[in-house]
Ligand code: ZN
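Numbering (the working numbering), first residue to last: 6 to 158.
Here's what the structure looks like:
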């Protein structure tokens, strides 16, 4: 399916698949969730060090297809250092993009997707939407996991 994406987007996704950013468990991580996409077999662990309401550090581990891995990699870059509400707003816009639903409004607070637009092509491939959004769903689950304490040895 990668080959069906436009050249530039394909290049960015392949680069992140090959050299995923923040592919690690951050020191002092205090939020964690596991994500699994049975349609494709993608498995991802997302780790966050939440400092107040700021995602001070984030990383992921796991294995999956190029789309899922690149999406996780680019997500960590996009939300690292952001406030939780900003990360959630970004997920909202991202989700709209990959599911093909038009933006609900054009409020000035809508975050800019930046490089994440490379995933806009997956909306043509419903099965791949789950690959692209897996990391984001896992992040949201990790952030909701208020009581879990993660020990990093
Ligand atoms: Zn996948």
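Glycine is no exception: its CB is placed at the ideal position from the N, C-alpha and C atoms.
Looking at the structure shown, is residue i part of a helix, part of a strand, or coil, going by DSSP?
| i | result |
| --- | --- |
| residue 152 | For residue 152, the predicted model reports a pLDDT of 48, less than 50, meaning its position is unreliable; a value from the coordinates is still stated below. Coil, per DSSP. |
| residue 30 | coil |
| residue 105 | coil |
| residue 118 | coil |
| residue 125 | helix |
| residue 24 | coil |
| residue 96 | helix |
| residue 11 | coil |
If you drop the 5 nearest sequence neighbours on each side, which residues of the same chain put their C-beta closer than 6 angstroms to that of residue i?
| i | result |
| --- | --- |
| residue 17 | 123 |
| residue 135 | 42, 44 |
| residue 73 | 47, 136, 139 |
| residue 152 | Any reading at residue 152 must be qualified, since the residue scores a pLDDT of 48, below 50, and its modelled position is unreliable; no value is offered. |
| residue 21 | 75, 78, 79 |
| residue 67 | 48, 49, 50 |
Determine whether the beta carbon atoms of residue i and residue j lie at a separation below 7 angstroms.
| i | j | result |
| --- | --- | --- |
| residue 52 | residue 31 | yes |
| residue 143 | residue 40 | yes |
| residue 55 | residue 92 | no |
| residue 146 | residue 38 | yes |
| residue 13 | residue 79 | no |
| residue 29 | residue 64 | yes |
| residue 27 | residue 81 | yes |
| residue 88 | residue 62 | no |
In the DSSP output, what is residue i paired with across the bridge?
| i | result |
| --- | --- |
| residue 36 | 53 |
| residue 41 | 48 |
| residue 88 | 59 |
To which residues of the same chain is residue i closer than 8 angstroms at the C-beta, ignoring the five residues directly before and after it?
| i | result |
| --- | --- |
| residue 119 | 83 |
| residue 128 | 102, 103, 104, 105, 134 |
| residue 98 | 108, 115, 116, 118 |
| residue 131 | none |
_Continuous beta strand (DSSP E) assignments of at least 3 residues falling wholly in the region 46-79_ = 47-56, 59-68
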